[in-house]
Amino acid sequence: MKIDMILSVLSEKFPRELVTLSSWSTYHVNYEDEYIFITTRQRQYSIHLNEFLEFVSVVLARRSFVVKDYQYEHKHVPYLLPIVEVILVTLGKDISNYYSPKRMHDTARKHQQSQCKESIDKIQFLSFLELDSIPKEISRTASSSPMHKLHDEEQNVLVEVHYATNRKSCGGEEIFSGERQNDLNYGITNVSIPTNVHKSGNVERPKVFLKFVFKENKNKHFVIDSGKSLTESEFKNSLIEKSQKKSMMIFVHGYNVNFKDAVFKSAQIKYDLTYEWPVLLFSWPSNDSIRSYPSDRENALYSSKCLANLLDLVENLGVEEVIVVAHSMGTFCLAEALSRVSDHTSFQRLALAAADIEKDAFATHYADDINRIFEHTTLYMSSTDTALLASDLVNEAIRVGDTRDDILVVQDMDSIDMSNLDKGVFSLGHSYVSEDNRALDDLYYYLVQGAKADARRLKSLVNKVNKNYWSLHT
1 MKIDMILSVL SEKFPRELVT LSSWSTYHVN YEDEYIFITT RQRQYSIHLN EFLEFVSVVL
61 ARRSFVVKDY QYEHKHVPYL LPIVEVILVT LGKDISNYYS PKRMHDTARK HQQSQCKESI
121 DKIQFLSFLE LDSIPKEISR TASSSPMHKL HDEEQNVLVE VHYATNRKSC GGEEIFSGER
181 QNDLNYGITN VSIPTNVHKS GNVERPKVFL KFVFKENKNK HFVIDSGKSL TESEFKNSLI
241 EKSQKKSMMI FVHGYNVNFK DAVFKSAQIK YDLTYEWPVL LFSWPSNDSI RSYPSDRENA
301 LYSSKCLANL LDLVENLGVE EVIVVAHSMG TFCLAEALSR VSDHTSFQRL ALAAADIEKD
361 AFATHYADDI NRIFEHTTLY MSSTDTALLA SDLVNEAIRV GDTRDDILVV QDMDSIDMSN
421 LDKGVFSLGH SYVSEDNRAL DDLYYYLVQG AKADARRLKS LVNKVNKNYW SLHT
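Residue numbers (the UniProt record's numbering): 1 to 474.
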């Protein structure tokens with residue numbers, strides 16, 4: 001496991017004294033009992049291993065050692081960044097293209113890195129987490145979206161999201177927990193979107209400062225305005241009424257996403273794609289830690305039976321067209337579910353973003369069922385998705401959505417490389433498919449309009465085994 005490699009550096013060979021990247025202040029580092037202890041001249045800080053591993057993934061996605069890029073989201077950044085830097089250099093990672101502050105003592109720092117590398121030169125780096133780009137900002141505002149013109153409200157619009165979840169109800173603001181149950185809960189939520197400030201691709205939420213979350217403001221943030229639970233019969237009747245039996249979209253979220261964030265992302269996708277028919281969120285129970293990845297994968301597998309039942313329910317509604325979007329570990333849950341269901345004639349188009357499925361298993365085990373059920377499938381891939389980076393810290397096998405080794409091309413599916421646009425995970429605040437306008441445009445023309453790849457603004461390329469794939473023009 002690649003986490004073990006990081007732990008090996010921390011616990012056995014890590015240098016005991018480091019300096020900050022900009023001010024050249026010295027401090028001591030120790031690792032003990034799953035905590036990193038940082039001792040300065042004035043005080044001592046402690047950081048739990050889970051928090052540190054999440055920070056490592058963020059650094060790898062942003063390719064930056066600049067403190068200001070993280071200081072409003074994470075604690076003790078000036079001290080954590082040098083630790084991450086030394087670990088990456090120790091394990092053979094090329095960080096020459098990372099953003100760095102100006103250093104007055106490059107010679108001393110190179111000497112520090114050299115000493116660390118020499119001390120553990122037996123550790124072999126497994127070429128993990130190659131990144132191609134720094135995320136780009138979204139520029140198009142919500143007011144340019146055609147859907148914006150459909151609503152009369154001056155500042156806010158309500159977007160309806162149907163949901164089905166096998167999470168246990170917990171009450172309070174969280175609504176549903178990360179624990180699983182055997183059957184499905186059904187309902188509807190109405191999400192208020194502040195159209196005056198919303199930028200296409202974003203989910204505007206209160207800022208987090210050192211884990212303190214600022215208060216929600218309906219005129220600035222996505223907010224759950226209302227919601228209600230439904231019986232299965234009421235749920236089906238609502239979908240039939242709202243879809244007029246013409247079209248509906250199913251969204252399966254990925255790893256490390258709580259219920260409310262999944263609802264917000266569903267509403268954002270519906271609004272930004274100007275999709276007028278129902279969006280149905282399937283939310284499976286996931287936790288909030290990189291080290292909980294194995295249990296999350298177990299939950300995704302367990303939830304596949306519930307998802308299969310939901311797909312059968314949707315098929316029996318008689319809707320003419322069903323389109324599906326799944327991200328990261330949600331693609332694994334969906335792929336397992338599809339092996340349980342019969343042919344679905346109404347299921348038209350499938351988008352798998354950053355699929356967290358082993359490449360060989362996908363090609364030999366899952367692809368046939370996907371092609372059997374869907375008329376067309378597109379694989380959105382990237383070398384810079386943070387959900388896959390978290391997966392890469394645990395899994396040895398290359399995943400479908402990871403382009404670092406090569407672009408996977410499967411018969412009767414389109415593969416699209418999104419690496420140059422990637423912001424990370426298909427979840428709150430991090431998404432190449434749902435957060436970059438060019439990616440959103442492609443998703444719109446594919447999912448909503450049904451346009452084929454050769455009719456969209458894509459360029460054709462060839463992978464290492466001479467198979468054709470696609471990439472967005474940059």
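A virtual CB, placed ideally from N, CA and C, is assigned to each residue, including glycine.
{"Check": "Quick check on the burial criterion: 16 or more other C-beta atoms within 10 angstroms. Buried or exposed for Tyr-99?", "Outcome": "exposed"}
{"Check": "Using 10 angstroms around the beta-carbon of Lys-215, count the other beta-carbons present and answer buried if the total reaches 16, otherwise exposed.", "Outcome": "exposed"}
{"Check": "How many angstroms separate the CA atom of Arg-62 from the CA atom of Tyr-445?", "Outcome": "29 Å"}
{"Check": "From the DSSP output, in three-state form, read off Lys-464 for me.", "Outcome": "coil"}
{"Check": "Per DSSP, what are the beta-bridge partners of Asn-185 in this structure?", "Outcome": "Thr-165"}
{"Check": "May I ask which residues mark the beginning and end of the beta strand (DSSP E) holding Lys-228?", "Outcome": "223-230"}
{"Check": "Ile-38 and Leu-10: beta carbons closer than 9 Å?", "Outcome": "no"}
{"Check": "Can you confirm whether the region 306-324 touches the region 244-260 when touching is taken to mean that 3 or more C-beta pairs between the two stretches lie within less than 8 Å?", "Outcome": "yes"}
{"Check": "Using three-state DSSP, classify Val-9 as helix, strand or coil.", "Outcome": "helix"}
{"Check": "Nearest to His-76 by CA position, among Leu-393, Ile-47, Thr-378, Arg-456, is which residue?", "Outcome": "Ile-47"}
{"Check": "When DSSP labels each residue in this structure, what does Ala-355 get in the three-state scheme?", "Outcome": "coil"}
{"Check": "Is it a yes or a no for the region 188-196 touching the region 222-238, going by three-plus beta-carbon pairs under 8 Å?", "Outcome": "yes"}
{"Check": "Alpha carbon to alpha carbon, how far is Leu-88 from Met-5?", "Outcome": "11 Å"}
{"Check": "Whose CA, out of Glu-173, Glu-160, Leu-158, Ser-177, lies closest to the CA of Arg-167?", "Outcome": "Ser-177"}
{"Check": "On the premise that Pro-285 lies in contact with Arg-180, defined as a C-beta separation below 8 Å, what is that separation, rounded to the nearest angstrom?", "Outcome": "4 Å"}
{"Check": "In angstroms, rounded to a whole number, what distance separates the CA positions of Lys-464 and Asp-296?", "Outcome": "33 Å"}
{"Check": "Among all the DSSP beta bridges, which residues are the ones paired with Trp-277?", "Outcome": "Trp-277 pairs with nothing; no bridge assigned."}
{"Check": "Per DSSP, what are the beta-bridge partners of Ala-455 in this structure?", "Outcome": "DSSP, once it has assigned bridges, lists no residue as partnering Ala-455."}
{"Check": "Whose C-alpha, out of Val-448, Glu-204, Ala-354, Leu-408, is nearest the C-alpha of Lys-270?", "Outcome": "Val-448"}
{"Check": "Output needed for Met-329: all residues of its chain with C-beta closer than 7 Å, excluding positions within five of it in sequence on either side, in chain order.", "Outcome": "Gly-254, Tyr-255, Asp-296, Arg-297, Ala-300, Asp-356"}
{"Check": "So Tyr-31 is in the beta strand (DSSP E); what residue range does that whole segment cover?", "Outcome": "26-32"}
{"Check": "Less than 9 Å between the beta carbons of Asn-374 and Gln-348, yes or no?", "Outcome": "Residue identity check: residue 374 is Phe in the sequence provided, not Asn. Closer than 9 Å, so yes."}
{"Check": "Assuming Met-381 is part of the beta strand (DSSP E), what are its boundary residues?", "Outcome": "376-381"}
{"Check": "Report the rounded CA-to-CA distance for Lys-220 versus Asn-316, giving the unit in angstroms.", "Outcome": "40 Å"}
{"Check": "According to DSSP, simplified to helix, strand and coil, what is Lys-199?", "Outcome": "strand"}
{"Check": "Just reading off the beta strand (DSSP E) that Ser-295 is part of, what are its end residues?", "Outcome": "Careful: Ser-295 lies outside any beta strand (DSSP E), inside the alpha helix (DSSP H) at 293-315."}
{"Check": "Identify which residue in Tyr-31, Leu-21, Ile-3, Gly-171 has its Cα closest to the Cα of Pro-15.", "Outcome": "Tyr-31"}
{"Check": "Give the straight-line distance between the Cα atoms of Asn-370 and Val-86, rounded to the nearest whole angstrom.", "Outcome": "Before going on, a small fix: residue 370 reads as Ile here, not Asn. Looking at the two C-alpha atoms, the distance is approximately 43 Å."}
{"Check": "For Gly-424 and Leu-379, I'd like the C-alpha separation in whole angstroms.", "Outcome": "Bear in mind that the predicted position of Gly-424 carries a pLDDT of just 39, short of 50, making it unreliable; the figure below should be weighed with that in mind. Distance between the alpha carbons of Gly-424 and Leu-379 is about 16 Å."}
{"Check": "Tell me which residues share the same chain as Gly-429 and place their Cβ nearer than 7 Å to its Cβ, disregarding the 5 neighbours each side in the sequence.", "Outcome": "Low confidence applies to Gly-429: its pLDDT is 32, below 50, so where it sits in the model is not reliable, and the reading given next is rough at best. Closer than 7 Å at the Cβ level, and outside the excluded window around Gly-429, lie Val-203."}
{"Check": "For Pro-294, which residues from the same chain have a beta carbon less than 8 Å from its beta carbon, with the 5 sequence-adjacent residues on both sides left out?", "Outcome": "Val-394"}
{"Check": "Measuring alpha carbon to alpha carbon, tell me which of Tyr-79, His-198, Lys-207, Met-381 ends up nearest Lys-359.", "Outcome": "Met-381"}
{"Check": "For a test of the three-state rule: what should DSSP assign to Met-418, helix, strand or coil?", "Outcome": "coil"}
{"Check": "Which residue wins for smallest C-alpha separation from Phe-264, given the options Tyr-275, Glu-276, Leu-281?", "Outcome": "Leu-281"}
{"Check": "In this structure, how does DSSP classify Ile-193 when only helix, strand and coil are distinguished?", "Outcome": "strand"}
{"Check": "CA-CA distance, Gln-268 and Gly-201?", "Outcome": "7 Å"}
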